[in-house]
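Sequence lines, in order, name chains L, S, D and Z.
Our numbering numbers the first residue of the first sequence as 1 and each following residue consecutively.
Our numbering numbers the first residue of the second sequence as 1001 and each following residue consecutively.
Our numbering numbers the first residue of the third sequence as 2001 and each following residue consecutively.
Our numbering numbers the first residue of the fourth sequence as 3001 and each following residue consecutively.
Every residue, glycine too, gets a C-beta built ideally from N, C-alpha and C.
These numbers were taken from a predicted model, which means no experiment stands behind them.
Protein chains: 4
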Amino acid sequence: MADLTSILHRLDRDARDGDDWGEVARYIPELAEVNPAQFAISVALADGRLLEAGDCDVPFSVQSITKVFTLAIALGRSGDQLWTRVGREPSGRAFNSIVQLEQEDGRPRNPFINAGAIVTTDEVLGRRQPREALGEIISFVRAAAGSEDIFINDAVAASETAYGHRNFALAHFLASRDNLRNTPEKVLGTYFHHCALEMTTGQLAMAGRFLVDGPAMPQLVSPRRIRRLNALMLTCGHYDGSGDFAYRVGIPGKSGVGGGILAIVPGQASIAVWSPGLNRYGNSHKGTEALARLTTRMNWTIF
Amino acid sequence: MADLTSILHRLDRDARDGDDWGEVARYIPELAEVNPAQFAISVALADGRLLEAGDCDVPFSVQSITKVFTLAIALGRSGDQLWTRVGREPSGRAFNSIVQLEQEDGRPRNPFINAGAIVTTDEVLGRRQPREALGEIISFVRAAAGSEDIFINDAVAASETAYGHRNFALAHFLASRDNLRNTPEKVLGTYFHHCALEMTTGQLAMAGRFLVDGPAMPQLVSPRRIRRLNALMLTCGHYDGSGDFAYRVGIPGKSGVGGGILAIVPGQASIAVWSPGLNRYGNSHKGTEALARLTTRMNWTIF
Amino acid sequence: MADLTSILHRLDRDARDGDDWGEVARYIPELAEVNPAQFAISVALADGRLLEAGDCDVPFSVQSITKVFTLAIALGRSGDQLWTRVGREPSGRAFNSIVQLEQEDGRPRNPFINAGAIVTTDEVLGRRQPREALGEIISFVRAAAGSEDIFINDAVAASETAYGHRNFALAHFLASRDNLRNTPEKVLGTYFHHCALEMTTGQLAMAGRFLVDGPAMPQLVSPRRIRRLNALMLTCGHYDGSGDFAYRVGIPGKSGVGGGILAIVPGQASIAVWSPGLNRYGNSHKGTEALARLTTRMNWTIF
Amino acid sequence: MADLTSILHRLDRDARDGDDWGEVARYIPELAEVNPAQFAISVALADGRLLEAGDCDVPFSVQSITKVFTLAIALGRSGDQLWTRVGREPSGRAFNSIVQLEQEDGRPRNPFINAGAIVTTDEVLGRRQPREALGEIISFVRAAAGSEDIFINDAVAASETAYGHRNFALAHFLASRDNLRNTPEKVLGTYFHHCALEMTTGQLAMAGRFLVDGPAMPQLVSPRRIRRLNALMLTCGHYDGSGDFAYRVGIPGKSGVGGGILAIVPGQASIAVWSPGLNRYGNSHKGTEALARLTTRMNWTIF
């Protein structure tokens, strides 16, 4: 694995070479003010080792990547019942589109677009208070990562709430189609908070190990569910750029608007990459490039 | 005018003949519980007379018909500036569609679909409190109708708020595109209340006289603006059934989901009809039929 | 009427004053090569007189304005049966959009968008050969105009055919939904030819007189149908700019991509205006402006 | 492998047990008249063996499955240049939708929806005659299958042409956006013929081996391209049911409206299944079920 270590350092150097870091998300000040010229990559291997390069000690806002964890929890609570409320198909639309929601009568296309994740959060919430549900989500993430040092950034959650009109529109639309059990305010309070979780790439790579079916990995969900979560990440994990990610990177992944990507090599590795500048699909620009090179070099592909 | 009186009574008898009253709106209990087998028609003539037939003493929820009054007030306050925030084109969509709003980047197609009327209400509100803006709206309607006996039904307004997720979705979407100056809660509080105004057909026909350019009519807006309001009512006043209404009835009109329609014969008459059962476009079924017959019999057409 | 004559000459001078003539249509060479800096206006009055100003002796390609004549013929042949195949609602879309056709299952929104006019042409065609149908259309136009000196420009028709992929797409889509009786090739052959009719504004204003219900006018359709054709022109005659035209000009009209507009003052006048540069809706830029001023000055409005 | 053989026979028996065979495609008589109560499955293993069960000797119309072969040929001819003309994203729409084509300005979302496959066929055609291009396609398929006994059914191709208005609409639309180099007639002539190829499941499973990267397999494309073709099959191979197929079956696959599915277990097997009745996405109903069971039993998944 000296080889993988040197590949990671090479990816880090290459990332810092080019000038085009992409554009950071601008919709809340906490994301808009992040310096785009940062890069980190961490790989948690099936044998238990964690290899890293770059700005690995900088916590970042994981944002939509938490949708993987909340989906796992929602499936644990409700099983296949969840699929009566949300679909499993790629959307062919932007992450926050409301058009499709109207056309498909209030059933979001998949759990990784915002509307779908709001439904998933409502399912995790159940009849509980947001505090309890958030407690379960954080506990799940910490258990997966094997670290207690993971927290929600309250300032980010507050900004998301203040600037979250589009998500309020989605939630009220879902409510108007009878696809929310709790009030939009309660669901979004929970949603904005779990999206505001912060982790380093090392913590995120460790947390992603529950999606790698291997003996040394935390057994938080069944092997069968692992496969299905990976299938959803592959087809729907990068919004309207999912097909391109599958074509070029070739493994399941889930991106967040904070510039992080969690990617899984089934049976072998959990990878976290972070660079805050985004490409036109809203996914990390340098992060995607680095993953494409890494999977090519390591011959890590599911195809 | 003995002739017109007898035509109105004939329309009333004919309306009660057929069994198909259409379906009343079901989204709030106050509308769902209205007996569909009711019909009233009132005509306020340029010479000052009011002729009526049917259930003319039953107040009903005018709902979207208030969009005409709030548009007149908004144009009075802001003039053509308003058109930077809302368009003047027929929508080709249902009254509460959010699809077009996303496709056209947050600028509603016209002031008579819900999204457009929410913007208009925001303009009427300005920097005032809802109470003040509602005071102006009620004063305008009462002055137009020449009657102080017109009130808001608070139970209807409360129900609209409780069941108004679709309108909250529209308002939050508008806010996300920077097309609201006040909070969604404040704008919708005002919107739901002015939609909850109740009038009899007699009061509504009288109130509509400000849209008839004639010497005996209340001069609340300029003749030029009257023409333009009538043009908008003709092209956009019946949602996705506006073309059909123009084709069959042939005069400007604005319908409400409570089953009322206000229609204008330029220079001659203001007509109010009411029958709570709706056709597939969400416009009064028997009311539309009666208007089509009335304009044919009286040769009242703008074409 | 010295007054009207001087107004027309003033409109002509004003049109030539401004630099912004708009953009001519570019999709076929015959239209792309027209000099945009031309303007003509003709008014045929109910008393039989024809008043004109500008380039009144220049024949231009009337294009979509023929949709009014073919609709009149189709209604004469089939009556209200036609409405099972085509709607009467504004489209809220561009003139050649195929999106709505798919969403509404092959029934065009109205007879004035391309898809609707293709259906209307199919209805006019019936079981006849294109030559016969075209003969009827030309005869109708010549009878309306009171002039035999009106012809089809074969070069324009040939170019439309050569560059007409979008219309072929529409026609094949209609066929796939069983809404064509003849082959796409046969219908479009007829369609492209009648759109290639050429007239001067004087001829067009004369031809439009059949839409003015008056004693000196050619009685080609019933008064009732006149009103309905006018209603359709008002709500649908300017594609996605119909609402704006109704608001600003205030009378029924139908535009063509060649820069012509036919507008009707019910009971009083038929107006033809021409200036080949188009605005963003694809309607004559200077022509629309001139009509707005003319109707304001003459107080010609239906509202 | 006795085990796999018995699993296949079990799948065949199970398929014949249930009554719900789904609906056969109805748009051309040749498909509409196929008996739905048929089932066949064949597996070509990396070690060279072919295991089968059911109606393995019945040739069926492979239809859209040829899109995989023509895509491989087009990429061989043009490389990544192809992606300037067609995308790589799931469509979220039906296989023959024209809506998205208009919204995305004539660039089909992916090569496996009809519009995309028409572009791919245009690329394979290049400047050649249809006969030459079809010759190359058949040669490729025969070489992949190791069988000369594979033919085009001319009656099917003729019916597709006769009933192919929707595809003509797509092709003309592409031409109107300058995304066809040949005429719609020429491209569709080629397209309809290669879709009319007939194979047994045994032949199709053998032909699919070029997508399995293994020593005993025909090396028709590079290992890198194999991976990318598999990625596209996974994200886009089942139209609007691609996400569901990935979730339930877990391997790349491409379906055809004739009821066939070609599915690939990377490095291990090429599977062909056939049952002509379709589910609501237009994919083989019993075929999909059988594949889901097979991959579960064999633990064949890429995730």
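Within chain L, the C-beta atoms nearer than 8 Å to that of S/ARG1166 come from HIS172, PHE173, SER176, in chain order. Checking the DSSP bridge columns, you'll see S/GLU1052 partnered with S/SER1042. Rounded to whole angstroms, the gap between the alpha carbons of D/ARG2131 and D/VAL2156 is 17 Å.
Counting C-beta pairs with one atom in each stretch, the region 82–90 of chain L and the region 103–112 of chain L have three or more that are closer than 8 Å, which means they touch. The Cβ-Cβ distance between L/PHE60 and L/ALA144 does not fall below 7 Å. Put simply, the CB of S/ASP1244 is near chain D, with a gap under 7 Å to one of its CB atoms. In this structure, the alpha-carbon of Z/ASP3017 lies about 41 Å from that of D/LEU2174.
Around Z/ALA3169, the beta-carbon contacts reaching into chain D at under 7 Å are ALA2169, HIS2172, PHE2173, SER2176.
If you draw a straight line from the Cα of D/GLY2054 to the Cα of D/LYS2186, it is about 38 Å long. For S/SER1270, the enclosing beta strand (DSSP E) starts and ends at 1269–1274. The contact set of L/ILE98 on chain S, defined by CB atoms closer than 7 Å, consists of ILE1098, GLU1102, PHE1173 in chain order. Annotation note: the region 228–261 of chain L contains the following uninterrupted beta strand (DSSP E) runs of length 3 or greater, listed N- to C-terminal: 253–255. When DSSP states are grouped into helix, strand and coil, Z/ALA3263 belongs to the strand group. A check of alpha carbon separations from L/ALA231 across Z/THR3288, Z/ALA3216, Z/PRO3252, Z/ARG3227 identifies Z/PRO3252 as the nearest. Secondary structure of D/SER2097 (DSSP, three-state): coil.
Scanning Z/ILE3028, Z/ILE3271, Z/VAL3119 for the CA closest to the CA of Z/MET3298 turns up Z/ILE3271.
When only Cα atoms are considered, D/LEU2197 and L/ASP244 end up about 49 Å apart. Contact of D/THR2301 with chain S by beta-carbon distance below 7 Å involves ARG1227. DSSP, reduced to helix, strand and coil, places Z/ILE3150 outside both helices and strands of the structure shown, so it counts as coil. Assigned with DSSP and collapsed to three states, S/SER1061 falls in strand. In the DSSP assignment, Z/LEU3125 falls within the alpha helix (DSSP H) that extends over 3114–3125. With its beta carbon less than 7 Å from one in chain Z, L/THR235 belongs to the interface. Two segments are said to touch when three or more pairs of C-beta atoms, one from each, lie closer than 8 Å; by this definition the region 3027–3047 of chain Z does not touch the region 3225–3241 of chain Z.
Per DSSP, L/GLU198 is not a residue of any alpha helix (DSSP H); the beta strand (DSSP E) it occupies stretches across 197–199. Within the model, the alpha-carbon separation for L/VAL68 versus S/ASP1240 is close to 41 Å. Per DSSP, the continuous alpha helix (DSSP H) segment holding D/GLY2076 begins and ends at 2066–2078.
Here Z/PRO3215 is exposed. Its C-beta has fewer than 16 other C-beta atoms within 10 Å. Taking C-alpha positions only, L/GLY259 is separated from S/LEU1291 by approximately 60 Å.
By the C-beta criterion, the region 3154–3170 of chain Z is judged not to be in contact with the region 3121–3136 of chain Z, since fewer than 3 inter-stretch pairs fall below 8 Å. Taking 8 Å as the upper bound on Cβ-Cβ separation, chain D lies near residues GLY1250, PRO1252, PRO1266 of the region 1248–1275 of chain S.
With a beta-carbon spacing of about 12 Å, L/ALA46 and L/ALA205 fall beyond the 8 Å limit used to define contacts. Cβ neighbours of Z/PRO3184 within its own chain (closer than 7 Å, five residues either side excluded): PHE3168, ALA3171, HIS3172, ALA3175.
Annotation for D/ILE2226: LEU2211, ASP2213 place their beta carbon closer than 7 Å to its own, counting only its chain and skipping 5 residues before and after. At a cut-off of 7 Å between C-beta atoms, S/ARG1280 does not count as an interface residue with respect to chain D.
Under the 7 Å criterion on CB atoms, Z/ASN3179 is classed as non-interfacial with respect to chain L. Contact check for L/ILE261 against L/GLY287 passes: the beta carbons are separated by less than 7 Å.
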